[in-house]
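Student: Protein chains in written order, with this note's numbering: chain A, 83 to 375; chain B, 311 to 929.
Virtual Cβ for every residue (Gly too), placed ideally from N, Cα, C.
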Ligand SMILES: Cc1cc2nc3c(=O)[nH]c(=O)nc-3n(C[C@H](O)[C@H](O)[C@H](O)COP(=O)(O)O)c2cc1C
Ligand code: SF4
Ligand code: FES
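Structure below.
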């Protein structure tokens, strides 16, 4: 279905009529109109999840009023009135932020929310459960735990988006944590860094070191590939291999396959130079345009 | 076994089975439910079998002995019934086997000392029907549990089973069945009480070639085994309900999701499916009607939350058993994204009865908004524990006193927890509350899966709240913040109060966190987890205050808030307490009064139990 076939849905938010497409989630639709509903576990590039509950709003439909998580609520044909910032909603968000602040006091995004919602710090209770997850703790793990809010963005990015499943949730309840399988360096990690990029709290660290890229606290370490153009180390090797294999799957007869593969190996700077040179040679790019590129 | 090809063939088979039953000699029905098994039913069965062999009755073994599902009066197990008279023997031991066979089977004698004697008035009862525990019940779902060997489809047929299906396939359209279930007013027995007919209709209306039916037999409430008693004890009734549901809604594939800890239920249901297929009652073209439906057994994920519908579906799909928001209902988009009808075991087991006897018949039981019966699991400080089926709307008082025999040791009742760990505590003052969906939820509790824990005056309500919350906390999947983090803080606060470290402001915190969980948690596990806390706080606030302000636990339960004392007058210095004290906290010379070093004492209370002079008191 192309986008202009999509069904338009009209809803009312605090009395203002706005529209979105059927199937879109309410959170994105109302925030597009500037209603500033806060959220943590949602990410526009990832499947909806509904874990942090910060995006909870009040809705009225069929004469019934209820509180719903807006990130998992799909737009559909129905009379819908939305109130994103009622007193009840505000109080709920305050409690959620309070709980998160106790859990992850070092996360900047939570500290900012606490300021915005005027929430004060409470102490984090001891883990009183009978069994405690994770017997080994490293410094990296501890640092991670002070920030991680278990929103699951990293898990979804790695699993649902990329199909790598190098990390996942383990244990139930308050022992829930994100970990590579068996808490060992994850074989499946390609070093793409998606987890690092989607994490809202900075609980994941990614560093280039010597010939490798390290992602903590997963203990992931992948070798880097040397750019055939400039000799600099850039992408993780496994990433390039993956790009190669995807190119091969998408192989089309009229496509310059070798060309695509060798392009994928260049670092971003060299690739730009290469494209420019080619464009100039084939006159698809004229002098003067090079500044823009 | 011959495949039945037409409805007439089924009726012919039934007629011959019923004839056999009528002319067959006595049978011994032995409860093989989990509780009777735990108290030695297996040994009793072996002993009776041996005895039958000794008396050359072994050729008829299968006819004479029936290992059945739960009979309900678990506390009196192992239970043995002599049919057709229904002579009720309880607490049977293997040594009794020879008497049972020689006297009650070969001859017509009744063994007086095996009969049930009411401890209250010492009345002795011969048959099951006469015993007050059974007499006051209305057994619709559990009616045939003691007549049926769950591993024999023929037994179910002989009791009238599959006749609803048979009639429907020849005489009714799916719409007519749907209409019947709708007008019966049946509501979901899995906890939420959603109108079953409405759910079926919504699934029927969903546009899709493929739809699924799931029977929820995950039964995770601690102390509940109602669903087990049906799936284990009368699997064909559940299966028939599933087939009828599938027919009414237009479904060809079904699953039953059985709790991980129920291997017998899994075995019995698998066998039931195979037998039904062999007879042509399940599978392709059922009884030549053109309607096809088949069922597979799936074992549960081993977590309480897996019983929640969206978590169950995730688990069936092979994903972690975590709930999701259900703004789009399962009846529109469920298993593998297809319209899915999910019902509890008891809901589905009610369907054959409704279809066979009509919705008016069903509506004569229960109340107008909660028709039918409910099975409760009576536990706690009550005289008679077990499974009890009663019409909805009966008062809690009647259930506890008329059927349950009252409070153990005739102590005063303090409160009743209904609906399992997600339910609430109802105080003794509200004992006349009718047991139905509305009344219980208005009281801050719920009907839930029918758990009922009776508590006497020796129960500390703060401790009760703490106990149930620690269960839901352990079982929380941890996905959403209100349940995972809110539950953690709530439990921590309650722990503090039971240790005497609470502050009066903690009560405000408890209410605030609870409200956030009720309003914000993703699934009902988190939304309902505060119920025990809020109800105890509502009805027994004073008890919370005593813990906080006076550092006293009025019921003498919270260990940090009690002390043990030895009375110098009564103590003879025998030294028994000294020997058992795990902390070596008791001092004293032989034959001189002893005393307890309070600083060392961990308040386990063993000393009080062993003291022959009753010289140790708690305060
Ligand atoms: C934490 C949790 C556990 C549940 N466990 C069960 C269960 O073990 N069996 C059950 O039938 N329903 C259970 N439910 C209710 C189901 O989600 C669902 O409402 C029910 O199976 C629907 O069937 P019904 O309409 O026949 O009641 C549970 C719900 C929650 C929130
Ligand atoms: S309420 Fe509890 S069990 Fe339900 S999704 Fe949230 S964390 Fe999981
Ligand atoms: S953003 Fe909606 S629940 Fe987290």
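Check residue 529 of chain B in the structure and name its three-state DSSP category.
Tutor: If DSSP states are grouped into helix, strand and coil, residue 529 of chain B belongs with coil.
Student: Would you list, in sequence order, the uninterrupted beta strand (DSSP E) runs of no fewer than 3 residues that lie entirely inside the region 570–621 of chain B?
Tutor: As far as the region 570–621 of chain B is concerned, its whole beta strand (DSSP E) runs of at least 3 residues are 604–609.
Student: Going by the beta-carbon positions, is the gap between residue 583 of chain B and residue 522 of chain B smaller than 8 angstroms?
Tutor: Not closer than 8 angstroms, so no.
Student: Could you name the residues that DSSP lists as bridge partners for residue 681 of chain B?
Tutor: Its beta-bridge partners are B:676.
Student: Comparing the CB of residue 122 of chain A with every heavy atom of ligand 3, is any distance shorter than 7 angstroms?
Tutor: Residue 122 of chain A Cβ: within cutoff of ligand 3.
Student: List the whole-angstrom C-beta distance separating residue 133 of chain A from residue 233 of chain A, where the pair is believed to meet the contact cut-off of C-beta under 8 angstroms.
Tutor: 6 angstroms between Cβ atoms; contact.
Student: So with CB distances below 8 angstroms, who are the chain B contacts of residue 168 of chain A?
Tutor: The premise fails here: residue 168 of chain A is roughly 11 angstroms from chain B at the closest Cβ pair, so nothing lies under 8 angstroms.
Student: For residue 129 of chain A, is the classification buried or exposed, using 16 other Cβ atoms within 10 angstroms of its Cβ as the cut-off for buried?
Tutor: So residue 129 of chain A counts as exposed.
Student: Pull out every residue of the region 114–145 of chain A whose Cβ sits closer than 7 angstroms to any Cβ of chain B, in chain order.
Tutor: Taking 7 angstroms as the Cβ-Cβ cut-off against chain B, the residues of the region 114–145 of chain A that qualify are 132, 133, 134, 135, 138.
Student: Taking three-plus beta-carbon pairs below 8 angstroms as touching, is the region 824–831 of chain B in contact with the region 709–726 of chain B?
Tutor: Because the criterion of three Cβ pairs below 8 angstroms is not met, the region 824–831 of chain B and the region 709–726 of chain B do not touch.
Student: Please tell me whether residue 766 of chain B and residue 717 of chain B are closer than 8 angstroms, where the distance is taken between their beta carbons.
Tutor: Result yes, Cβ atoms of residue 766 of chain B and residue 717 of chain B sit closer than 8 angstroms.
Student: Which two residues bound the contiguous beta strand (DSSP E) that contains residue 318 of chain A?
Tutor: Residue 318 of chain A -> beta strand (DSSP E) spans 315–318.
Student: DSSP three-state call for residue 472 of chain B: helix, strand or coil?
Tutor: Residue 472 of chain B falls in the coil class under three-state DSSP.
Student: My understanding is that residue 883 of chain B touches residue 910 of chain B, with C-beta atoms under 8 angstroms, so please give their C-beta distance in whole angstroms.
Tutor: In fact, because the Cβ distance is near 19 angstroms, the residues do not count as touching under 8 angstroms.
Student: Hey, is residue 826 of chain B's beta-carbon within less than 8 angstroms of any beta-carbon in chain A?
Tutor: Yes, because at least one Cβ of chain A sits closer than 8 angstroms to the Cβ of residue 826 of chain B.
Student: So within the region 258–314 of chain A, which uninterrupted beta strand (DSSP E) runs reach at least 3 residues, ignoring any that extend past its ends?
Tutor: Segments of the beta strand (DSSP E) lying fully in the region 258–314 of chain A: 259–261, 287–291, 294–298, 302–308.
Student: Spatial neighbours of residue 421 of chain B within its chain, please: CB distance less than 6 angstroms, with the 5 preceding and 5 following residues excluded, ordered by chain position.
Tutor: Same-chain partners within the cutoff: 409, 413.
Student: Let me know if residue 747 of chain B comes out buried or exposed under the rule of 16 or more other beta-carbons within 10 Å of its beta-carbon.
Tutor: Residue 747 of chain B is buried by the Cβ-count criterion.
Student: Does residue 823 of chain B come within less than 8 angstroms of chain A when only Cβ atoms are used?
Tutor: It does; some Cβ of chain A falls within 8 angstroms.
Student: Could you tell me whether the region 357–366 of chain A touches the region 425–435 of chain B, using the rule of 3 or more Cβ pairs below 8 angstroms?
Tutor: Contact between the region 357–366 of chain A and the region 425–435 of chain B is absent, because fewer than three Cβ pairs lie under 8 angstroms.
Student: Count the C-beta pairs between the region 377–387 of chain B and the region 537–550 of chain B that are closer than 8 angstroms, then say yes if the count reaches three, no if not.
Tutor: These segments touch.
Student: Residue 154 of chain A CB to nearest chain E CB: under 8 angstroms?
Tutor: Here the protein chains are A and B, and chain E is not one of them.
Student: Do residue 352 of chain B and residue 696 of chain B count as a contact pair if the criterion is CB distance below 8 angstroms?
Tutor: Against a cut-off of 8 angstroms, the Cβ pair of residue 352 of chain B and residue 696 of chain B comes out as no contact.
Student: Does residue 469 of chain B pass the burial test, meaning 16 or more other C-beta atoms within 10 Å, or should it be called exposed?
Tutor: So residue 469 of chain B counts as buried.
Student: Counting contacts by CB-CB distance shorter than 8 angstroms, is residue 783 of chain B in contact with chain A?
Tutor: Closer than 8 angstroms: yes.
Student: Return the chain-ordered list of same chain residues with a C-beta closer than 7 angstroms to the C-beta of residue 520 of chain B, the five sequence neighbours on each side being excluded.
Tutor: So the qualifying residues of the chain are 648.
Student: I want to verify the contact list: residues of chain A whose CB lies under 8 angstroms from the CB of residue 790 of chain B, in sequence order.
Tutor: The answer, in chain order, is 132, 133, 134, 135.
Student: Interface residues of chain B around residue 157 of chain A at Cβ under 7 angstroms?
Tutor: Within 7 angstroms Cβ-Cβ: nothing; residue 157 of chain A doesn't reach chain B, min ~11 angstroms.
Student: Residues in the region 829–848 of chain B with C-beta within 9 angstroms of chain A's C-beta atoms, listed in sequence order?
Tutor: Listed by position, the residues of the region 829–848 of chain B near chain A (Cβ gap below 9 angstroms) are 829, 830, 831, 832.
Student: Write down the C-beta distance between residue 567 of chain B and residue 479 of chain B rounded to the nearest angstrom, noting that I regard them as a contact closer than 8 angstroms.
Tutor: No, residue 567 of chain B and residue 479 of chain B are not in contact; Cβ-Cβ is about 26 angstroms, not under 8 angstroms.
Student: Should residue 633 of chain B be counted as a contact of ligand 2 given a C-beta to heavy atom distance under 7 angstroms?
Tutor: Checking every heavy atom of ligand 2 against the Cβ of residue 633 of chain B, one is found closer than 7 angstroms.
Student: Considering only the alpha carbon of each residue, which of B:383, B:332, B:320 lies closest to residue 342 of chain B?
Tutor: Among B:383, B:332, B:320, the Cα nearest to that of residue 342 of chain B belongs to B:383.
Student: By the DSSP assignment, the beta strand (DSSP E) with residue 337 of chain B in it spans what residues?
Tutor: First-last of the beta strand (DSSP E) with residue 337 of chain B: 337–341.
Student: Beta-carbon within less than 6 angstroms of residue 916 of chain B's beta-carbon, same chain only, minus the 5 sequence neighbours each way: which residues are those?
Tutor: Closer than 6 angstroms at the Cβ level, and outside the excluded window around residue 916 of chain B, lie 890.
Student: Among B:926, B:313, B:925, which one has its Cα closest to the Cα of residue 597 of chain B?
Tutor: For residue 597 of chain B, the nearest C-alpha among the options comes from B:313.
Student: Which of helix, strand or coil does DSSP assign to residue 400 of chain B?
Tutor: Residue 400 of chain B: coil per DSSP, three-state reduction.
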